[in-house]
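K.L.:
Take this structure, written in structure tokens, and hold onto it; I'll ask about it next.
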Ligand SMILES: NC(=O)c1ccc[n+]([C@@H]2O[C@H](COP(=O)([O-])OP(=O)(O)OC[C@H]3O[C@@H](n4cnc5c(N)ncnc54)[C@H](O)[C@@H]3O)[C@@H](O)[C@H]2O)c1
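In structure tokens, the structure reads:
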């Protein structure tokens, strides 16, 4: 349980799903973690990690807001004295045909999924340069690799995260900062329940479990991932086990994009 020993990390979107699982795993592996989220429920996640002996803090933080990033980085540096790892995980999604997608919806999605990753990466690079390097993991998606109907805005944002990651990786390699993206396929998290189509899918399938099973059909392995499985892949990119990896894209999608 020492794969993150001595490291200080920020995990965004840590109140729920993949971010929550990642913060819990990081702390169990010895990292000190600043959990951030727009949702104050992140405080309860931090409390439960502290109950296991983890050294963590929670900050309400909007990743799309520039000033909010200054506060987040300062808070991590005040609490831990350094920043070794940033996981840009917070994200939103919606499913809508292109013709029904408004400019406001497009911009809102880009603000969180793409501006958030840009701002976080820029601010973390500044902090990491001061402490000899670090690792940044940007949570993209299988939808950043292949298209998906009714998800053009989401695919554009996640495809943007993929190439942004590679470009920055080239720029900061000399500073000892590694930047990689991760590309999950379908993961069983609350993000699905926020989708407009979810109540209809649950009604049609008969239950939430059956609705998740209907989504699982997209992956050759025949199921959705659990958030803990994605957290393991993020941990790998954050830890020294991946110290020769930068600018790469780690796909963890049950075979979805292998076709
Ligand atoms: N669940 C999947 O199937 C799946 C697949 C591929 C990629 N992803 C990506 O994984 C990441 C995590 O998603 P998840 O499935 O755990 O979703 P989730 O909805 O369970 O968690 C996302 C968290 O981000 C937070 N958040 C949203 N907007 C924010 C903002 N502006 N500032 C700060 N926090 C904000 C939410 O409050 C929430 O706690 C997202 O980037 C998502 O696009 C998810």
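Numbering (the working numbering), first residue to last: 704 to 962.
Glycine included, every Cβ here is placed at the ideal spot set by N, Cα and C.
Let's test the definition: count the other Cβ atoms within 10 Å of the Cβ of residue 963 and tell me whether it reaches 16, buried, or not, exposed.
P.N.:
The requested residue 963 is not part of the displayed model; the chain covers only 704 to 962.
K.L.:
Quick test of your reading: residue 722 and residue 792, contact by CB under 8 Å. State the CB separation rounded to the nearest angstrom.
P.N.:
The pair is a contact, with the Cβ atoms about 4 Å apart (cut-off 8 Å).
K.L.:
Just checking, does the segment 931–947 make contact with the segment 726–733 on the three C-beta pairs under 8 Å criterion?
P.N.:
Segments in contact, yes.
K.L.:
Any heavy atom of ligand 1 closer than 7 Å to the Cβ of residue 782?
P.N.:
Every heavy atom of ligand 1 is 7 Å or more from the Cβ of residue 782, so no.
K.L.:
Is residue 740 near ligand 1, judged by its Cβ being under 7 Å from some heavy atom?
P.N.:
At least one heavy atom of ligand 1 is nearer than 7 Å to the Cβ of residue 740, so yes.
K.L.:
Tell me which residues share the same chain as residue 808 and place their Cβ nearer than 8 Å to its Cβ, disregarding the 5 neighbours each side in the sequence.
P.N.:
Contacts found: 797, 799, 856.
K.L.:
Excluding the five sequence neighbours on either side, which residues of its own chain have a C-beta within less than 7 Å of the C-beta of residue 949, listed in chain order?
P.N.:
So the qualifying residues of the chain are 872, 876, 881, 882, 883.
K.L.:
What are the start and end residues of the beta strand (DSSP E) that includes residue 713?
P.N.:
Taken as a continuous stretch (DSSP letters only), the beta strand (DSSP E) holding residue 713 covers 711–715.
K.L.:
Only counting the same chain, and skipping five residues up and downstream in sequence, which positions put a Cβ closer than 6 Å to that of residue 813?
P.N.:
Only 860 meet the Cβ criterion.
K.L.:
Verify whether the separation of the beta carbon atoms of residue 827 and residue 840 is less than 8 Å.
P.N.:
Not in contact: residue 827 and residue 840 (Cβ atoms no closer than 8 Å).
K.L.:
With respect to 7 Å, is the separation between the Cβ of residue 715 and the closest non-hydrogen atom of ligand 1 below this value?
P.N.:
At least one heavy atom of ligand 1 is nearer than 7 Å to the Cβ of residue 715, so yes.
K.L.:
Tell me where the beta strand (DSSP E) around residue 723 begins and ends.
P.N.:
Segment 720–731 is the alpha helix (DSSP H) holding residue 723; no beta strand (DSSP E) there.
K.L.:
Would you tell me roughly how many angstroms separate the C-alpha atoms of residue 846 and residue 776, rounded to the nearest one?
P.N.:
Rounded to the nearest angstrom, the two C-alpha atoms are 29 Å apart.
K.L.:
For the segment 899–906 against the segment 884–891, are there 3 or more C-beta pairs whose distance is under 8 Å?
P.N.:
The segment 899–906 vs the segment 884–891: no contact.
K.L.:
Going residue by residue through the segment 871–945, where are the continuous alpha helix (DSSP H) segments of at least 4 residues, counting only ones entirely within it?
P.N.:
Counting whole runs of 4 or more residues, the segment 871–945 contains the alpha helix (DSSP H) stretches 901–908, 911–919, 930–941.
K.L.:
Provide the residue span of the beta strand (DSSP E) that contains residue 952, from first to last.
P.N.:
Residue 952 -> beta strand (DSSP E) spans 952–955.
K.L.:
Run the proximity test for residue 743: is its beta-carbon closer than 7 Å to any non-hydrogen atom belonging to ligand 1?
P.N.:
Residue 743 Cβ: outside cutoff for every heavy atom of ligand 1.
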